[in-house]
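Protein chains in written order, with the working numbering: chain A, -5 to 309; chain B, -5 to 309; chain C, -5 to 309.
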């Protein structure tokens, strides 16, 4: 970051902070707020409860009508954050603030509204996927009330739409709210099919350019990552964002067990494949593959005395 | 989930949500609330601080008397959540709401009250276990004030009693509150002995039918999981809940180092055994066993030039 | 913990709790509060936003002036917590409460104030490090607004100064607040150089006596831990705190990929070394080393039928 840009940003930040401290409510001088983005996510998840059912009940437009009141509070907060993000983004590029921020935000919200039926359908498919895959789930209701991945995937699906629409800052802030609460880190750029399930979830990482098909199941500690995160282009610059395809593709009906790591933008896991626990995979496998570690050599020593040695980390 | 059941649940959810939005306070039409369950957990942990000491001080009934004022706020919130859960559970099964919800909840609370001295004793034993095992702990007080596993195990021990008493929804919601805050995912069904310690904790997963003896220590990233999560019964249905014994048993004085994975309902780790870091164990071992990985073959290349190759994920 | 000490602590705890319940505001009878410590951390991170830029803008003392208003709220809350911690610590040792708690706390705050310019400089260096290392980062602003490790390292750097100044309880409570929110567990005792970056972060553990040089990058799931956590001194007591050097040293420009584990107080990773994913390292390596696992033997079975076997955890 060059000094000039830093100086400019410094005064932006300071005036934004001053405005906040002074209690002013000029949305164009505000930073997007992590707390408000967290509230947006919470409202959204709460809203999907009734949407979930109405989306199955009927195919008519009445569905959208039913969702509208729940959507209103959500929309109002989200509009405000999108305004802040657009304004902040323009300033940080040194561009002029567009005349009517509210109009730009309204375009985004309208586009999002059109996605809601599809998002509700995906939400329902995810809950069904958990029930089919987890013997600890006594019913669908417990999944909705207490499974952390429900929050993670639901927020990511919303953030992914905003990411595709080009909204700055807010999508990534949304998925980090969910990451903080669940330990599941899914980049808003990742494209994920229907009926997705993550059991337990802590430590899961899914990178920006990963794609995941339908009916895929992951366990905790699975990484879909970059093999070479520091790939440069011809000018020696990092290939950032969607430009560089860095993360793997999982086709339909793939299952990945705990702690497995799958890396690289050219790595494709064929449909109906199973990747075993702790596997480290950096090349493609064909459909219906089963990839497991060779049974590791364990050293088992019986009847060692407890006074034998201090109990230490074993290699 | 069949369509008819979905339709019924949809209208339940909607009327519950409408009631909430309308500010009505009819507990029988409410969903259990994650926020209130989180408050219950917080009150409970706070309450154990003084209970902890009074439980050691004397064996008389005066102990219960001392705890009572702290217990009152906790009881009031928990009663309310149990009412919601019982009602919601009955409706989701299509059964009639029992006449006196409050009486059912009161039975649960009374049963729980009888468990408090034992829970306080276990709390004390857990703090002692941390002090004995962690050289970074300067004193017992720092453990109480800042060790995340204290929250995780304390909330799980409470949830486990409610789970055994048959309370729906609330136990799992409680352990997910603790999971969200600590990264430690212990199912309320797991049975855990006294003097339990988990260091660091992030990524620990302990399944529903696991049993753990006394004086067991785990490190971060340990999984006590199912070998075959999708075991079916004769009718081809998933064996759910307590029916299917899917998770391992750890006897007394077992230590499991970071990243180890122990799987299967028939896997039993004998007392005084030590399971090394990253071990993947799917069969039983006898008492006083020491299980470690063969020293893995490392490739060490010295003096490579930094211009040699991009720094990438290594296999 | 002997019974006498327990009894004494019990009455301390109870009177402290009674005072809180009674709404009294006698700071000397209070426990440090996790919620207030969380607020201190939040204020501190918010404060660094403008400090970040002003620290680069000029080298003059005007910098401190600019920070002062933001620092005031932070100072007020932190002073209060330090008072509680000092008082509680003295009592738990059975020592008399020092006459003027506020004076002791003021000394700590003044010392901390002198560290602020350096902390702001380190904050700036960390943000630059993320931008240089993460192709998913479109700009510096997104890093500040949404990267979890920013919160973890920023809070740890603050806690580390308080740890070095000898403040009890509060430093560890601070890093546990950040651990809870980010899944990154860095002990306040760890010494960390400038331009530090952790990608994703969930499951990272950095022990009390670890030292880390400049421009070091870690990925999620990396452990810098103790090889022998239960080392005893001649009297058979655990070697606690800074006494026992238990955790490794990483020199400048080291990169450690996901899931790697580096253990032991005598383990030193030379500068410009790269430690590959999942490596388990318990001895030193010289500068410019590259340590990777032998390519693990994978068993790949193609075209298995889905009816072939239940999909289970693979070994």
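By construction, the Cβ of each residue, glycine as well, lies at the ideal position given by its N, Cα and C atoms.
Query	Result
Residue 324(A): first and last residue of the uninterrupted alpha helix (DSSP H) it sits in	As shown, chain A starts at -5 and ends at 309. That puts residue 324(A) outside it, with no answer to give.
Contacts of residue 239(C) in chain B (Cβ-Cβ under 8 Å)	Here the premise fails: no neighbours, minimum Cβ distance about 11 Å.
Proximal residues to residue 295(B) (C-beta, below 8 Å), its chain only, five neighbours per side dropped	none
Proximal residues, the region 272 to 284 of chain C versus chain A, C-beta separation under 7 Å	272, 274 and 276
Per-residue DSSP class, three states only, for residue 217(C)	strand
Contact with chain C by residue 261(A), beta-carbon distance below 7 Å	no
Alpha-carbon to alpha-carbon, residue 180(B) and residue 93(A)	53 Å
Check whether residue 208(A) and residue 246(A) have beta carbons under 7 Å apart	yes
Nonlocal neighbours in the same chain, by C-beta distance under 8 Å from residue 100(C), ignoring five residues either side	73
Residue 286(B) at chain A interface by Cβ criterion, 7 Å	yes
Listed by chain order, chain C residues near residue 230(A) by CB distance under 8 Å	Under the 8 Å cutoff, chain C gives no residues; its nearest Cβ is about 12 Å from residue 230(A).
Unbroken stretches of the alpha helix (DSSP H), 4 residues or longer, contained in the region 163 to 246 of chain C	164 to 176
Chain A within 7 Å of residue 30(C), Cβ atoms only	no
Below-7 Å beta-carbon distance, residue 163(A) vs any chain C residue	yes
Residue 279(B) versus residue 267(B): straight-line alpha-carbon distance, rounded	8 Å
Collapsed DSSP secondary structure at residue 28(C) in the structure displayed	helix
Proximity test, Cβ basis, 7 Å: residue 234(C) and chain B	yes
According to DSSP, residues forming a beta bridge with residue 263(C)	244(C) and 279(C)
Residues in the region 179 to 213 of chain B having any Cβ partner in chain C nearer than 9 Å	193, 194, 195, 196, 197 and 213
Residue-level contact to chain A via CB, residue 119(B), 7 Å cutoff	no
Separation of residue 263(A) from residue 256(A), as counted between CA atoms	9 Å
Integer-rounded CB distance, given that residue 42(C) should sit under 8 Å from residue 125(C)	Not quite, the Cβ-Cβ distance comes to about 16 Å (not below 8 Å), so this is no contact.
Limits of the unbroken alpha helix (DSSP H) element including residue 161(C)	Element bounds for residue 161(C): n/a, residue is neither H nor E.
Straight-line Cα distance separating residue 70(A) from residue 235(B)	42 Å
Candidates 248(B), 252(B) and 259(B), of which the one nearest residue 265(B) by Cα	248(B)
Under the three-state DSSP convention, the category residue 34(A) falls into	helix
Chain-ordered chain B contacts of residue 175(A) [CB-CB under 7 Å]	174
Three-way DSSP call (helix, strand, coil) for residue 90(A) in this model	coil
The alpha helix (DSSP H) enclosing residue 285(B), as first and last residue numbers	Where residue 285(B) is concerned, there is no enclosing alpha helix (DSSP H), although the beta strand (DSSP E) it sits in stretches over 284 to 287.
Span separating the alpha-carbon of residue 96(B) from that of residue 82(C)	41 Å
The region 173 to 188 of chain C / the region 153 to 165 of chain C touching (three or more Cβ pairs under 8 Å)	yes
Where residue 295(C) falls: helix, strand or coil (DSSP)	strand
CB contact flag (residue 233(A), residue 220(A), <7 Å)	no
Residue-chain proximity (residue 244(A), chain B), Cβ-Cβ < 7 Å	no
CA-to-CA distance, residue 86(C) to residue 80(C), given in whole angstroms	10 Å
Beta-carbon separation (whole angstroms), residue 213(C) vs residue 250(C), contact threshold 8 Å	7 Å
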